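Asks: Dumping the structure here so I can ask a few things about it.
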């Protein structure tokens, strides 16, 4: 997504009077504009020194956790975690002073949703944590809604829809199928910023270039599982940091908001935790402060 100036600043670029501190600072040139970015991999402060300025922001929340697989007889499957919500805004006016930047943690290995990321006192920057996957039994916890929804579980009582995603931040988790004892079954992949979960595949994330000018994928959904026995089929992770399923579900990639994967078979394994979020603030170094 390209940077643009607020309407009152079109055609007015100056000597670089906007100053800020905080995060990991990088500078790069893209489409003839000199940018400075501040990347937050954990919670910290973004401090505007002096006058207000115009910024672009990327805010990604923590991904939801996948859940553990079902009965040893096979065919029951747990759902994968949804990606953390991904918010991209351009041309926001940020005021002088200290703004706390909150970077949400991913859902841990206890079937939990991801934590939200946000920039304090800056409108339109709150994103929602990813939903956890559904656990395999009817009474063991449905998939949760989130920035992107968790994948539905598979068991004997009909198909299970995935959790809902937040419009503009993510997509729904994939549904889990019905099954009979020892028959084939499939759990849903977690939703991603770019697409809903499909069968046991997680939804793809979306690219963004605010950090260093290069496109990087964020907020991919975790992978679910499929199969008729305890040696269940596995899905690879998605673009955007979603974890791939295996004997132990793989966690979402750190600082991408990727969803955690479901565990692929019965017998002492673990589910994948969600990846932590990230916040990036960037701006035109040569902008004129807003009036």
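Residue numbers (our numbering): 372 to 662. Note that the Cβ used here is the ideal one computed from N, Cα and C, for glycine as well. In this text, all values refer to a predicted model and were calculated from it rather than measured experimentally.
Cα separation between residue 430 and residue 496?
Replies: Rounded to the nearest angstrom, the two C-alpha atoms are 6 Å apart.
Asks: What do you get for residue 398, buried or exposed, if any count of 16 or more other CB atoms within 10 angstroms of its CB means buried?
Replies: Under this definition residue 398 is an exposed residue.
Asks: Apart from the five residues just before and just after residue 612, which ones in its own chain have a Cβ nearer than 6 Å to its Cβ?
Replies: Closer than 6 Å at the Cβ level, and outside the excluded window around residue 612, lie 591, 623, 624, 627, 629, 646.
Asks: Leaving out the 5 sequence neighbours to the left and right, which residues in its chain are closer than 6 Å to residue 583 when beta-carbon positions are compared?
Replies: Excluding positions up to five away in sequence, the list reads 397, 399.
Asks: Please classify residue 489 as buried or exposed, where buried requires at least 16 other C-beta atoms within 10 Å of its C-beta.
Replies: Looking at its Cβ environment, which holds 16 or more other Cβ atoms inside 10 Å, residue 489 is buried.
Asks: Does the Cβ of residue 388 have 16 or more other Cβ atoms within 10 Å, making it buried, or fewer, making it exposed?
Replies: It counts as exposed.
Asks: Can you name, in chain order, every residue of its own chain whose Cβ lies under 6 Å from the Cβ of residue 395, other than the five neighbours on each side?
Replies: Cβ neighbours of residue 395 beyond the five flanking positions: 410.
Asks: State the DSSP-derived secondary structure class of residue 482, mapped to helix, strand or coil.
Replies: Correct three-state label for residue 482: coil.
Asks: Which residues mark the beginning and the end of the beta strand (DSSP E) in which residue 627 is found?
Replies: Careful: residue 627 lies outside any beta strand (DSSP E) and carries neither H nor E.
Asks: Quick one: give me the first and last residue of the beta strand (DSSP E) that residue 408 is part of.
Replies: Unbroken beta strand (DSSP E) run through residue 408: 404-411.
Asks: Per DSSP, residue 438 is paired with what?
Replies: Paired residues: none, contrary to the question.
Asks: For chain B, is any of its Cβ atoms less than 7 Å away from the one on residue 656?
Replies: No chain B appears in the structure shown, which is made up of a single protein chain.
Asks: Quick one, are the C-beta atoms of residue 426 and residue 473 less than 7 Å apart?
Replies: It is not a contact, given that the beta carbons lie outside the stated cut-off.
Asks: Using a Cβ-Cβ cut-off of 7 Å (strictly less than) and excluding sequence neighbours within five positions of residue 415, which residues of its own chain qualify?
Replies: Cβ within range, chain order: 393, 394, 472.
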